[in-house]
Structures are given as structure tokens and as C-alpha cells.
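Please read the structure below before turning to the comments.
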Amino acid sequence: MNIWPLRFRELADGRVFLADDAGTFFLSDRSFVDRYGEDRLTTRDRDFLLANGHAFETESEPAYNSFAWRWSARQAKGGRLRYVILVPTLRCNLACTYCQVSRAPETARGFDWTPEALAQVLGYLEALSGSEIKIEFQGGEPLLRLDLLNAVRDFCRARFARSEFVVCTNLQSIGPAELDFLSASDTYVSTSVDGVLSDHDRHRTQNPALAKQFFENLGAVRRVAAGRISALPTIDLDQPPDLDALIRTYEDLGQNSIFLRPVNYQGFARRRHPAARDVGRWNQFHENFVRKIIERNYQTGGNLGEYYLTLCLKRMLAPGHDGHVDLRNPGLLGDDYLVIDQDGVLYPTDEARMVSRIGLADLSIGTVAHGVDHQRLAALNGAAFNHLDPDCVHCPYQPFCGVDPVDDISRYGRLDLPKHLTWFCGRHLALFDLAARLLFSRDEMVQHSLRQWLDLPEIPIGLAPVHYDPTAPTR
Amino acid sequence: MIVQISEHLRASAPVALARLAYHYPELSFALVDEVIEVLGENFDEAVIRREVSYALYRQHLFVQSLPLRAALLATLSHP
């Protein structure tokens, strides 16, 4: 019998999580790991591995092809460019403490697309192959240049058979024209709501009247774009929001999922939010929040989830959850999405734009005028997967996890730190540890939330297999 | 602390020790004849003993399974 290599990791309670390269996992104990590492597996061990797809007898049998398919399905496929982030202006009418973008004051001049720049962007979009496009308007505050947004949207609607638009906006200045723009069924709103008014004011508006205006604007937009608004809070660990109030705020918004976003270690946040470096504090905060919503869901029969944990759970349970570009593997850069900055420079991600804008490293990959510089892109993509990392090759979470070379460069100025020393790895080890503990929990309170998050009427036993061999001889 | 290692894990020891060295920079690991010697202060011996075993297993299993992984990639590259 041939056993596909199993990676293993002890959980906090001493149980051991094991997974093969295709991401099929089970829970066992130290004695199994000893037997496995010392080449003395029992008949029960071998039967379990064979029955659960971790082993095969010959390459001609279905078990082999099944594993090959599952491994292949675990690899993210990028493909044709169909998601473009545009930055029509760097001007903004707020100055949030954790702003990661290279913003300019609202009244500044020279920070918007010129007519020539608009023409170049439209020319770039015109040349794309394919019949679908998703445009994300970033900034600055993109609604300050509604005319440019209209020009892009009109063009895309005519050029592509299917087009969608996301406006990442602070909703601070909304009038009839903006409401009309956002009322279109192909247009989505992404905004930040940091909690109750005082939380929102502390980091974003720094003026209670403006915070009040924001919530009024949010209400107005909800009336014209119901079901097309996503909001998320950015969490400052030094002044975290009251969790119950945060949850109530999002429940009032009608969202059943909250994406807790840590302060991004970019731009202003480097100076003003040193806690953004502390992954341990973040992990503790995040787990506390998850425990709270699990308890709350059980008490209320509710279904509130934390978006990123749910994504991790889904990635553990099945291949194909590769839509979130920050967590996929390979996470090829400049492939199916990219950023066109206000000055026409191309970047693989918005964070790469920030790293470049603050002068840390030039991560640009071309210009809208001349297209992608494939040599520069290839250099970045050499670090865009985790299969060969000397530590990831031993990590059972590797098939579900990803990499973030831009974050590594941003935080450490290098790509070759041992993974366990990086914020990305520290965060995801904790997330997958938590996800594993939840998946193998028999606590009805946990199971209730898992059913809601995974949209399952019941949690099948086989979803989280457990293997022990009490008859195995000990050393 | 001394950790005995099985004969079949000896070949994995140099790489395993290199990995342990950067995961536990406060400790010193050395392969001496048939054992691994761990030097340091105030460490949990049970934890480190297990980590040494796991590092040896991981390297052993990694090398042992390379042909399987190569065959899988060959299958997928040239089905």
C-alpha cells in the first residue's frame, strides 16, 4: 500500500490534526504520529487510510485518480483578467487614522485622472479579451469624481456582455446624483462601518456630526441599493469596539456575516497603530469574537458568522473556494485581477500599490500605456505559492492556506523569513487551528453555528473523521 | 537533554536539526553518534523531546514520499 504523505500538527489540547496534499484531513493522536513516523502503522491504521483516500494500492485504481483530481482541484486557477481596480482620484474627504491609501486632501489639485488618463484606461479595458468584467472603484474617495465613474460604467456596459461595479466609498458625501448612480442593479457598494457612532467617529470622521451624517447616508443608500451593500469594520486593537454593540450594528444593517478586518500594516497605520504588528493580540481578539457569536447564535437561533473564518472552514472542507484573492494558492499576481493606479501605473494588488507609494519597494508591474511587464511580474510570482516553502511543506494547513508576499515585503522588507515568523503565517495558523477545533467539536453550541455558516442541515460525521487505534502497541 | 533516535531516522537528522535550530533559536541541537543532544536553559523537556521526534518524522516522511509526489505531478502533467 502507498500512503500519500501526511502532514501533522498538534492542537492545543494535544490531539493531532493530519492532512494529505489534497487537503483531506482527519484527527488522531500522538501515538498515531509515532507509528506513522516510525513506519509501524497497524492494520487498523492502514485500513483507515485506505478507506479515507489517503492511500492506494496501484496507480491504475480509482483511488489514485481520485486523489489526483482532488489535488488538482485544490490549486487555484487564475486565468483571464476580469477584475480591475481603478483609482480615478486620490483625493478624499476623510483622513482615517488607519488609512492605507496614498490619499490627498479633498481640495488638492492634480490628483484626479485627466481626460487623457481616462482615455488610456478605457483603451486598456477595450483591449481585454473576454465578455465579463468587474470593476472596483477605489480611491481616495471615488464618488468625488462621479463623472469618471459614469464614463467607465457606460463604457463597460457597452463593451462587455456582463459587467459589475463595486464602489469602495466612505459614503460621507451623498447627494441625489450619487444615490442615482448607486441605485443601478449592476452596482455594489463596499463601505466601512467601525461600530456604533463613537467607534466610527474615533477612527474615520473625527467629528461626531460627520459620523452622524455617514449613518444617515448609509440609511439612504440602503433604501436604493438594498442587498447590494457590504460593510466591514476595521479593528483597532488599542481601542476595540464593544463587541455586542458591533454585532447589533451589523444585525441592524441586515448582514449575517461580519468580516473583522485588522488594521492593514500600510500607510498611516505604520505610525499610528503599532498594534497592527501584534498577531497574537489579533488572534485572541478574533477568537473572542467568534466565541461570542457562537454563544449568541445558540441563544437566539441566529446565523451570524465571521466572514474570514467561514472562508477558512469552507476551504478546509472543499476545493474551489478561491474567489477571495487574499487567500488562495497559488495566489498568482497580475493574473485575473490587477490595479490601475491614478497615475496609470499597474500593480498586482492595492497593498502593492501602497508599498510602492510609500517608497518601500517598487512593486509596479507595468503601465496602462504599455501593458504588463511580464519580467517584473514573474519575479513577484516566484513567491506566490506555498508548495515549496521549507516549513509549509510540513504544515497540514498548506492545501487550504496561501501566501502574501506583498505583506511580507511590507512588514519585513524581505520574502525569505521563516514562515512562522510572519504575520500572515501567525494569523492563519491560529485561524486554521480554531477552524479545526470547531470542526471536531461535539459541542451543540458550536455545531449550531457550523450548520449556519456551512449551510448544512446537519454536520455529517464523515465531515471531520477521527482515527484512533486503542489496540496499537505502545513503545 | 538527550533524545535517542531510531536507526531509520538518522539520515533525516541533519535537516531536521537545521529546522529545529531556527524554530528554537534559544536552544542548541547537535547530532552526537546515535543521539541528539539539546542544550539550553529553562525549556520544557517533554515538549522539546516531542518536537525533535516530530522534526525527524517530518523530514523522514518528506524524503520518503518524494517519489510519490513526483509521480503525482507527472500524472497530472502528462495524463
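Line by line, the protein sequences are chains A and B. Residue 1 is where the first sequence starts when you use the numbering used here, and the numbers rise one by one after that. Residue 1001 is where the second sequence starts when you use the numbering used here, and the numbers rise one by one after that. C-beta: ideal position from N, C-alpha, C; glycine also. Bear in mind that the values here come from a model prediction, so they are computed numbers and not experimental data.
C-alpha gap between residue i and residue j, whole angstroms
i               : j               : result
residue 362(A)  : residue 355(A)  : 7 angstroms
residue 1017(B) : residue 1055(B) : 8 angstroms
residue 60(A)   : residue 74(A)   : 22 angstroms
residue 283(A)  : residue 245(A)  : 20 angstroms
residue 1027(B) : residue 1041(B) : 8 angstroms
residue 203(A)  : residue 96(A)   : 5 angstroms
residue 30(A)   : residue 306(A)  : 31 angstroms
residue 407(A)  : residue 424(A)  : 8 angstroms
residue 254(A)  : residue 309(A)  : 19 angstroms
residue 173(A)  : residue 418(A)  : 45 angstroms
residue 381(A)  : residue 1030(B) : 37 angstroms
residue 102(A)  : residue 352(A)  : 12 angstroms
residue 1023(B) : residue 28(A)   : 24 angstroms
residue 988(B)  : residue 52(A)   : Residue coverage of chain B in this structure runs from 1001 to 1079, which leaves residue 988(B) outside it and unanswerable.
residue 98(A)   : residue 237(A)  : 12 angstroms
Under 9 angstroms by beta carbon: chain A residues contacting residue i
i               : result
residue 1008(B) : 38, 39
As assigned by DSSP and simplified to three states, the class of residue i
i               : result
residue 2(A)    : strand
residue 131(A)  : coil
residue 189(A)  : strand
residue 96(A)   : coil
residue 216(A)  : helix
residue 221(A)  : helix
residue 1030(B) : strand
residue 310(A)  : helix
residue 337(A)  : strand
residue 402(A)  : coil
residue 87(A)   : coil
residue 19(A)   : strand
residue 72(A)   : helix
residue 112(A)  : strand
residue 28(A)   : strand
residue 57(A)   : coil
residue 168(A)  : strand
residue 104(A)  : strand
residue 1067(B) : helix
residue 456(A)  : coil
residue 43(A)   : helix
residue 10(A)   : strand
residue 1024(B) : coil
Within chain B, partners of residue i - CB distance below 7 angstroms
i              : result
residue 2(A)   : 1068
residue 473(A) : Result: empty, since nearest Cβ-Cβ is about 15 angstroms, beyond 7 angstroms.
residue 166(A) : Going along chain B, no residue has its Cβ under 7 angstroms from residue 166(A), so there is no contact; the nearest lies around 35 angstroms.
residue 465(A) : Those do not exist, as residue 465(A) stays about 20 angstroms from chain B at its closest Cβ, beyond 7 angstroms.
residue 241(A) : Near residue 241(A) there are no residues of chain B at all, since even the closest Cβ is about 36 angstroms away, more than 7 angstroms.
Chain-ordered neighbours of residue i on chain B, where CB pairs are closer than 8 angstroms
i              : result
residue 393(A) : 1062
residue 348(A) : Residues of chain B passing the Cβ test: none, with the nearest at roughly 26 angstroms.
residue 72(A)  : 1076
residue 420(A) : 1023
residue 406(A) : What residue 406(A) touches in chain B: nothing, since even the nearest Cβ is about 23 angstroms away.
residue 262(A) : Under the 8 angstroms cutoff, chain B gives no residues; its nearest Cβ is about 25 angstroms from residue 262(A).
Residue i: contacting residues in chain A (beta-carbon distance under 8 angstroms)
i               : result
residue 1024(B) : None at all; the shortest Cβ gap to chain A is about 11 angstroms.
residue 1028(B) : None at all; the shortest Cβ gap to chain A is about 18 angstroms.
Beta-carbon neighbours of residue i, restricted to chain B and to distances below 9 angstroms
i              : result
residue 68(A)  : 1072, 1075, 1076, 1079
residue 319(A) : Here the premise fails: no neighbours, minimum Cβ distance about 14 angstroms.
residue 279(A) : Neighbours of residue 279(A) on chain B: none; closest Cβ ~17 angstroms, over 9 angstroms.
residue 330(A) : Simply none; closest approach about 14 angstroms.
residue 399(A) : Ordered by position in chain B, no residue passes the 9 angstroms Cβ test against residue 399(A), which lies about 13 angstroms from the chain.
residue 62(A)  : Correct list: empty, because the minimum Cβ distance to chain B is about 14 angstroms.
Neighbour-count burial assignment, residue i, 16 or more Cβ in a 10 Å radius
i               : result
residue 316(A)  : buried
residue 115(A)  : exposed
residue 57(A)   : exposed
residue 1020(B) : buried
residue 87(A)   : buried
residue 464(A)  : buried
residue 129(A)  : exposed
residue 449(A)  : buried
residue 300(A)  : exposed
residue 388(A)  : exposed
residue 33(A)   : buried
residue 461(A)  : exposed
residue 43(A)   : exposed
Neighbouring residues, chain A, relative to residue i (Cβ below 7 angstroms)
i               : result
residue 1058(B) : 394
Residue i: CB within 7 angstroms of a non-hydrogen atom of the ligand MG
i              : result
residue 242(A) : Of the ligands one can find in the structure shown there are none, so the ligand MG has no counterpart to examine.
Can you confirm whether the segment 150 to 163 of chain A touches the segment 192 to 202 of chain A when touching is taken to mean that 3 or more C-beta pairs between the two stretches lie within less than 8 angstroms? No, the segment 192 to 202 of chain A is not in contact with the segment 150 to 163 of chain A.
With three or more C-beta pairs closer than 8 angstroms as the rule, is the segment 367 to 376 of chain A touching the segment 338 to 358 of chain A? Under the three-pair Cβ rule at 8 angstroms, the segment 338 to 358 of chain A counts as touching the segment 367 to 376 of chain A.
Under 8 angstroms: do the segment 159 to 168 of chain A and the segment 197 to 213 of chain A share three or more Cβ pairs, one atom per stretch? Judged by pairs of C-beta atoms under 8 angstroms, the segment 159 to 168 of chain A does not touch the segment 197 to 213 of chain A, as fewer than three such pairs exist.
Say whether the segment 124 to 142 of chain A touches the segment 155 to 164 of chain A, bearing in mind that this needs 3 or more beta-carbon pairs closer than 8 angstroms, one atom from each stretch. Counting C-beta pairs with one atom in each stretch, the segment 124 to 142 of chain A and the segment 155 to 164 of chain A have three or more that are closer than 8 angstroms, which means they touch.
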